[in-house]
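Enquirer: Residue numbers (the numbering used here), protein chains in the order written: chain A, 1 to 170; chain B, 1001 to 1369.
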Amino acid sequence: MEATFGGLSGMHWALLGAVVAMIGGGAGSSMGITYVANVAGGVLTDMPERFGPMLPLVVIPGTQGIYGFITAVLVAFVMKPSSGWEALPGWLGFLIFLACLPVCFVGFVSGMFQGLTAAGAAGMVAKRREEMGRALVLPALVETYAVLSLIITILSFFVIIRPFYTSLGI
Amino acid sequence: MYRRERIQAHPLKGANASPAEGGLKQVPDYLRIRLRRILPFREGLRYGYAVGRIRANELKLLRSHHIRRMLEADYEEALHILDEVELGDYLAGASTAREVDDGLIAYLKDVYSFLEGALPADSVLLDFFRCRYDFHNLKVLVKARMGDASEDALLPGLGKWDPDTFRRGLENPLDLPSPYREALMELGEGKRPPNEVDSILDRHYLTYRLRLAEREGSEFMVEFARTSIDFSNLKLLLRSRKMGKTKEYLKPFLVEGGYIPVGLLLEAYGDPDEVMLAKLERTRYSTRLLHILEEDEKPGLNEFDRRSDDYIMDMLRATRRISLGVEPVFSFVRARENEVTQVRIILMGKLHNLAPEAIEKMLRKLYLD
Chain A
1 MEATFGGLSG
11 MHWALLGAVV
21 AMIGGGAGSS
31 MGITYVANVA
41 GGVLTDMPER
51 FGPMLPLVVI
61 PGTQGIYGFI
71 TAVLVAFVMK
81 PSSGWEALPG
91 WLGFLIFLAC
101 LPVCFVGFVS
111 GMFQGLTAAG
121 AAGMVAKRRE
131 EMGRALVLPA
141 LVETYAVLSL
151 IITILSFFVI
161 IRPFYTSLGI
Chain B
1001 MYRRERIQAH
1011 PLKGANASPA
1021 EGGLKQVPDY
1031 LRIRLRRILP
1041 FREGLRYGYA
1051 VGRIRANELK
1061 LLRSHHIRRM
1071 LEADYEEALH
1081 ILDEVELGDY
1091 LAGASTAREV
1101 DDGLIAYLKD
1111 VYSFLEGALP
1121 ADSVLLDFFR
1131 CRYDFHNLKV
1141 LVKARMGDAS
1151 EDALLPGLGK
1161 WDPDTFRRGL
1171 ENPLDLPSPY
1181 REALMELGEG
1191 KRPPNEVDSI
1201 LDRHYLTYRL
1211 RLAEREGSEF
1221 MVEFARTSID
1231 FSNLKLLLRS
1241 RKMGKTKEYL
1251 KPFLVEGGYI
1261 PVGLLLEAYG
1271 DPDEVMLAKL
1281 ERTRYSTRLL
1291 HILEEDEKPG
1301 LNEFDRRSDD
1311 YIMDMLRATR
1321 RISLGVEPVF
1331 SFVRARENEV
1341 TQVRIILMGK
1351 LHNLAPEAIE
1361 KMLRKLYLD
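#1: In or out: Glu1281(B) buried (at least 16 other Cβ within 10 Å) or exposed?
#2: In the DSSP output, which residue or residues are listed as bridge partners for Gln5(A)?
#3: DSSP state of Asn1172(B), grouped into three classes?
#4: Measure from the C-beta of Glu1058(B) to each C-beta in chain A and report whether the shortest distance is under 9 Å.
#5: Excluding sequence positions up to five away, which residues of its chain have a Cβ less than 6 Å from the Cβ of Ala40(A)?
#6: Tell me which same chain residues have a C-beta within less than 7 Å of the C-beta of Tyr1133(B), skipping the five on either side of it?
#7: Determine, using beta carbons only, whether Thr4(A) comes closer than 9 Å to chain B.
#8: Distance check for Asp1162(B) and Ser1178(B), CA to CA, integer angstroms please.
#9: My assumption, with CB atoms under 8 Å, is that Cys104(A) sits in contact with Ala18(A). Please give the rounded CB distance.
#10: From what residue to what residue does the alpha helix (DSSP H) around Pro53(A) run?
#11: At 8 Å on the CB atoms, spell out the chain B contacts of Tyr67(A), in chain order.
#12: Of all the residues that make up the stretch 18-50 of chain A, which are near chain E by a beta-carbon distance shorter than 9 Å?
#13: Does the beta-carbon distance from Leu1123(B) to Arg1046(B) come in below 9 Å?
#14: Using a 10 Å radius around the Cβ and a threshold of 16 neighbouring Cβ atoms, would you call Met31(A) buried or exposed?
#15: Does any residue of chain B have a CB that is nearer than 9 Å to the CB of Gly123(A)?
#16: Under three-state DSSP, which class holds Tyr1249(B)?
#17: Of all the options Ser1232(B), Arg1226(B), Leu1277(B) and Glu1248(B), which has the alpha carbon lying nearest to the alpha carbon of Met1315(B)?
#18: Among residues of its own chain, excluding the 5 on either side of Ala87(A), which ones have a beta-carbon nearer than 6 Å to its beta-carbon?
#19: Going by DSSP in three states, Thr1096(B) sits in which element: helix, strand or coil?
#20: Assuming contact is defined by CB atoms lying nearer than 9 Å, are Leu138(A) and Thr117(A) in contact in what I supplied?
#21: Rounded to a whole number of angstroms, what is the C-alpha to C-alpha distance between Ala1118(B) and Ser1331(B)?
#22: Taking the Cβ atom as the reference point for each residue, do Ala14(A) and Gly93(A) lie within a distance shorter than 9 Å?
#23: Give me the Cα-Cα distance between Gln114(A) and Pro61(A), rounded to the nearest whole angstrom.
#24: Give a yes or no on contact between the stretch 4-11 of chain A and the stretch 1076-1094 of chain B, applying the rule of three or more CB pairs nearer than 8 Å.
#25: With a cut-off of 8 Å, do at least 3 Cβ pairs link the stretch 1089-1099 of chain B to the stretch 66-81 of chain A?
#26: Alpha carbon to alpha carbon, how far is Gly1048(B) from Tyr1107(B)?
#27: With DSSP as the reference, label Tyr1285(B) as helix, strand or coil.
Structure below.
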């Protein structure tokens, strides 16, 4: 088996996948949180008692960063062959890199848009505290696609890595 | 609506203005598109805090049920009803027209202070609203210098600049900031009729607001500024027709930059009502505003003002769907200003013993129902 693919070893491809997943998810989350936190800050200036209902809305765009982190950890620890990174062929590392892309892109985009949705929901909670439940559902709908991308990334990992492990007799 | 309508040309330079003459001289076309696409995110960051603050305060706005109850009530009861909203604190105990005005001015000052504390440092939104009072003060001082009015109508504290700045500027216009300097220089030293002073300063005011809106980069603000120019031009046109003025008289006072080209207005001026309406048929205001000319009992310019205010309020109401950006903040401030207009109409009507129906006819639409 080729040790490299496109000039990079399997380990390098896999770690690159881990890094882009973390960058995409983390960047999307941090931008999303910034949007909603800005609005929440404004609401809390005049209504400090709304901190409780505001907190889940501010936190919810942070999940994409966590999904990026989970992906990176999976690549770093679970995907590592028992015989060491050197055993991972270049093409397999490249496939792991591709498997990381859903979390990277969907996490980035959904994190930003979830922040915007949560910012709108924060305005709704500012006006009517009793609408908290409904307000939380709206950004949670955006979350669905981040969760689906994480599921696809994890499934892809195992589909990709299983034949390799089998070939190694694991 | 305005999100979809892209600004095709520079409103002050016409349809043939080259992109290189605009604000983004060095940026190639493909980059301009990309900058526009990320605008909602940039606006979200810039106006997020202000949007949060206005969301927390939106419930304190005057609603239509307050207006209905105030119309039916006598003056004292109307003041009690206002206690349910923020305005009540400013009007407590007001028993004369002067006291009502003072209370409303104090309220507006606080609205602008609130805005000042909430807006990002680089926003021109506050200047967009306050320049109206600066131009008003300049008008009052110019007319007072010419002996046509007293300085009683000054509104100190609402504008960005102190009236003393303008008093000094009257002696030496070069000391004044732009655009007031240019306005005074155009007025010159000689005596002019008050309506000419009004028209020239209004032209500078409306053009300045359009420039501020362009600087802010908000399509909504540009649309608002251009619509205001159109209303001002149409009102001037209607007034001049009523007064029997010539086209040459009207020409220098029309403001460039609106959606209706000045050339079209001049072309239509002098034609009978039906012909003028046909010429202006394709403008966005035809059905709701210009048909005022076709009504059997021709209403006055006050009715035109009321309808144009309602038109603008409909524009503002459309921004309620926008969760982040300059639009909700802009609409909130306009809603507050509209509140002041409504309450003033009602309370002055009550003080002058007008019938509720007569007062209701003068009222504008509210931002929130």
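Even for Gly, the Cβ is constructed at its ideal location relative to N, Cα and C.
Expert: Short version:
#1: Exposed: under 16 other Cβ atoms inside 10 Å.
#2: Per the sequence shown, the amino acid found at residue 5(A) is Phe instead of Gln. Paired residue(s): Leu8(A).
#3: DSSP places Asn1172(B) in coil when its eight states are reduced to three.
#4: yes
#5: Once the five neighbours on either side are set aside, the close Cβ partners of Ala40(A) are Met54, Val58 and Ala122.
#6: Leu1155, Leu1158 and Gly1159
#7: no
#8: 15 Å
#9: That belief does not hold up - the Cβ atoms of Cys104(A) and Ala18(A) are roughly 10 Å apart, past 8 Å.
#10: Element bounds for Pro53(A): Phe51 to Val59.
#11: Per Cβ cutoff of 8 Å: no residues; Tyr67(A) is ~21 Å from chain B at best.
#12: Included in the structure are the protein chains A and B, with no chain E among them.
#13: The sequence given here places Ser at residue 1123(B); Leu does not occur at that position. Against a cut-off of 9 Å, the Cβ pair of Arg1046(B) and Ser1123(B) comes out as a contact.
#14: Here Met31(A) is buried. Its C-beta has 16 or more other C-beta atoms within 10 Å.
#15: yes
#16: helix
#17: Comparing alpha carbon positions, the residue from Ser1232(B), Arg1226(B), Leu1277(B) and Glu1248(B) closest to Met1315(B) is Arg1226(B).
#18: Pro81
#19: In the displayed model, Thr1096(B) falls within coil according to three-state DSSP, outside both helix and strand.
#20: Yes. Within cutoff.
#21: 14 Å
#22: yes
#23: Whole-angstrom Cα-Cα distance: 6 Å.
#24: no
#25: In the pairwise beta carbon analysis, the stretch 1089-1099 of chain B is classified as not touching the stretch 66-81 of chain A: fewer than three pairs are separated by under 8 Å.
#26: 24 Å
#27: In the displayed model, Tyr1285(B) falls within coil according to three-state DSSP, outside both helix and strand.
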